[in-house]
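**Q** One structure coming up, written as structure tokens, with questions to follow.
Number of protein chains: 2
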Amino acid sequence: MGASKTDFFTDKQNGIATLTKALGHPARIAIIEYLVKVDTCICGDIVNELPLAQPTISQHLKELKNAGLIKGNVEGNAICYCIDEKAISKLQDYFANISAKLQKKNMCC
Amino acid sequence: MGASKTDFFTDKQNGIATLTKALGHPARIAIIEYLVKVDTCICGDIVNELPLAQPTISQHLKELKNAGLIKGNVEGNAICYCIDEKAISKLQDYFANISAKLQKKNMCC
DNA sequence: TTTTAATATTGCAATATTACGATAAATATA
DNA sequence: TATATTTATCGTAATATTGCAATATTAAAA
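Chains as they are written, first to last, in my numbering: chain A, 21 to 129; chain B, 21 to 129.
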């Protein structure tokens, strides 16, 4: 095998898993944090920020974009990538909701 | 290759990536949601909840446990798994922090 | 002690991910 | 137009993940 059985889970579950999976690599976390840090969205120099080759960064950016975590605008011959706030909000809400539900329970362990 | 270059990233980045990676599969999201839903922590019947074989569930549980998202207590010949609230809090805080920082910026795209 | 029940581990096949060199594509600049 | 710059894609090797059948382990119950 090797392929996830996504058909058997709800759209919401698959949606959250898509977002968390995309963030499940330190390089992609680092890219998100870099995008948060810089004021402008000119992101061509992520390559200089991370110890990875340009094709590898490009691939990571593609995965973040496919998952909906970042957006990309062509800006001359460079590309302006930036965070899609909606995706972050979705994750924030998701974990806040779980936290709230856990507060109401007395866990056994 | 195939192995992530974890050495080049910060502990915090690797820590978040470990948590999100563990959640990056719909079955593991479903397990977490099941653990949130049930009042008691008697979790032996996760196998009946999901369309996956017992060894597969056991493997997913192991990954969630290794990442620190769930804890497991031996309870007779069954095992009581439950969510580790600290891990969820960590994720909630992380995304809340990013959201807050994004509010203060005017994104270009 | 034998049996039963609940989980974990092993071994394996199919597939996915990670990383990068080489190269292509697209656009700006000289 | 030729060249430089930026980013994407292709091809490939190494490794990781997913899933399950078979089997082992562990502890309760008979």
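We treat Cβ as the ideally placed atom computed from N, Cα and C, and that holds for glycine.
Excluding the 5 residues flanking A98 of chain B on each side, which residues of the same chain have their C-beta closer than 6 Å to its C-beta?
**A** Closer than 6 Å at Cβ, skipping near neighbours: G64.
**Q** Buried or exposed: which applies to K41 of chain A, given that a residue is buried once 16 or more other Cβ atoms fall within 10 Å of its Cβ?
**A** Answer is buried; the Cβ neighbour count reaches 16.
**Q** Just to make sure I have the definition right: I need the residues of chain A whose C-beta is within less than 8 Å of the C-beta of I77 of chain B. Which are they?
**A** The contacting residues do not exist; I77 of chain B stays about 12 Å from chain A at best.
**Q** Along chain B, which residues have their Cβ under 7 Å away from the Cβ of N34 of chain A?
**A** Simply P46.
**Q** From L160 of chain A to V94 of chain B, what does the alpha carbon distance come to, in whole angstroms?
**A** As displayed, chain A neither begins before 21 nor continues past 129, which places residue 160 of chain A out of reach and without an answer.
**Q** What do you reckon, are the CB atoms on L111 of chain A and L39 of chain B nearer than 9 Å?
**A** Their beta carbons are not under 9 Å apart, which means L111 of chain A does not touch L39 of chain B by this criterion.
**Q** Quick check for students: name the residue ranges of the alpha helix (DSSP H) that lie wholly in the stretch 72-110 of chain A, counting only runs of 4 or more.
**A** Taking only runs of at least 4 residues, the alpha helix (DSSP H) segments lying wholly in the stretch 72-110 of chain A are 74-86.
**Q** Run through chain A and tell me which residues come within less than 8 Å of I108 of chain B, C-beta to C-beta.
**A** Simply F115, I118, S119 and L122.
**Q** So the candidates are A:F115, A:A116, A:I49 and A:K125; which of them puts its Cα closest to the Cα of I90 of chain A?
**A** Among A:F115, A:A116, A:I49 and A:K125, the Cα nearest to that of I90 of chain A is on A:I49.
**Q** Pick helix, strand or coil for S24 of chain B, following the three-state DSSP scheme.
**A** S24 of chain B falls in the coil class under three-state DSSP.
**Q** So is N86 of chain B buried or exposed if we call it buried at 16+ other beta carbons inside 10 Å?
**A** Label assigned to N86 of chain B: exposed.
**Q** Along the chain, where does the alpha helix (DSSP H) that runs through T30 of chain A open and close?
**A** Run containing T30 of chain A: none; DSSP gives neither H nor E here.
**Q** At least one CB of chain A closer than 9 Å to the CB of V56 of chain B: is that the case?
**A** It does; some Cβ of chain A falls within 9 Å.
**Q** Relative to the alpha-carbon of A120 of chain B, which residue among A:E69, A:I118, A:V56 and A:L122 has its alpha-carbon at the smallest distance?
**A** Taking only the C-alpha atoms, the option nearest A120 of chain B is A:V56.
**Q** For Q79 of chain B and G44 of chain A, I'd like the C-alpha separation in whole angstroms.
**A** Whole-angstrom Cα-Cα distance: 18 Å.
**Q** Can you confirm whether K41 of chain B, when its beta carbon is compared against all beta carbons of chain A, has any partner nearer than 9 Å?
**A** Yes, K41 of chain B lies at the interface with chain A (some Cβ there is under 9 Å from its Cβ).
**Q** Can you name the residues of chain B whose CB is closer than 7 Å to the CB of I49 of chain A?
**A** Per Cβ cutoff of 7 Å: Q33, I36 and A37.
**Q** For a quick check, are the C-beta atoms of F115 of chain A and L72 of chain B less than 9 Å apart?
**A** No. Outside cutoff.
**Q** Check the Cβ of L111 of chain B against every Cβ in chain A and list those closer than 8 Å, keeping chain order.
**A** The contacting residues are L111 and F115.
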